[in-house]
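Notes to accompany the following structure.
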Amino acid sequence: MKKLAALSLALLAAAGCDMRQIEKAAGNATVQSAEAVVVPIVMQTTLPTGQTIPSTIATAVAGCIVTSASDTELAALAGAAVTGPTADTRYIVSNILNRPETTGCAAAALSGN
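All letters in the sequence shown, in the order written, are residues 1 to 113 by my numbering.
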């Protein structure tokens, strides 16, 4: 596995990529993986009205959650894309969503703003 990672980095470097581009690509992949995990969790949430959240709004709320996640939380969420979400994954999402900045962003997403 380490050899494959080293080979990948060497190939990217040979293709003219600098480390910032490599880090950006890795960061984008982490965010996309985390969002892929968070969207279904958000869609499974039942609102006080008894309704569930549609995918378009869930995607916006997931963006709020991923943006507010710490590096450690983001890595855990992205890891769940491989292992599958667990109760811990849902706990992380809930903790992030309870932060004031995330709540404000999510409220705007829920209202369509």
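Note that CB positions come from ideal geometry on N, CA and C, so glycine has one too.
Just so you know, these numbers come straight off a predicted model, no measurement behind them.
Rounded to the nearest angstrom, what separates residue i and residue j at their Cα positions?
i: Ala60; j: Val82; result: 22 angstroms
i: Val39; j: Ser68; result: 15 angstroms
i: Gly84; j: Cys64; result: 21 angstroms
i: Ala26; j: Ser70; result: Note that Ala26 scores a pLDDT of 47, beneath 50, so its modelled location is shaky and nothing firm can be said.
i: Ala58; j: Cys105; result: 12 angstroms
i: Thr103; j: Ala29; result: 25 angstroms
List the endpoints of the continuous alpha helix (DSSP H) containing residue i.
i: Leu47; result: First-last for Leu47: undefined, no H or E at that position.
Bridge partners for residue i per DSSP, in chain order?
i: Thr52; result: Thr46
Would DSSP call residue i helix, strand or coil?
i: Ala69; result: coil
i: Ala86; result: The sequence as given places Thr at residue 86; Ala does not occur at that position. DSSP places Thr86 in coil when its eight states are reduced to three.
i: Leu98; result: Inspection of the sequence shows that residue 98 is occupied by Asn rather than by Leu. The answer is coil: DSSP assigns Asn98 none of H, G, I, E or B.
i: Thr111; result: The question names Thr, yet the displayed sequence has Ser at residue 111. Looking at Ser111 - three-state DSSP - the assignment turns out to be coil, as it is neither helix nor strand.
i: Val38; result: helix
Enumerate in chain order the residues of its own chain whose CB-to-CB distance from residue i is below 6 angstroms, with the five nearest sequence positions on each side excluded.
i: Glu73; result: Ile92
i: Val37; result: Leu77, Ala80, Ala81, Pro85
i: Thr89; result: Ala80
i: Thr45; result: Ile53
Can you list, in chain order, the residues of its chain with a C-beta nearer than 8 angstroms to that of residue i? Leave out the 5 residues immediately preceding and following it.
i: Ser55; result: Val39, Met43
In its own chain, which residues sit with a C-beta less than 7 angstroms from the C-beta of residue i, not counting the 5 before and 5 after it?
i: Ala62; result: Glu35, Val38, Val39, Val42
For chain D, find out if any of its Cβ atoms is closer than 8 angstroms to the Cβ of residue i; answer yes or no.
i: Thr59; result: This model lacks chain D altogether, as it is built from one protein chain only.
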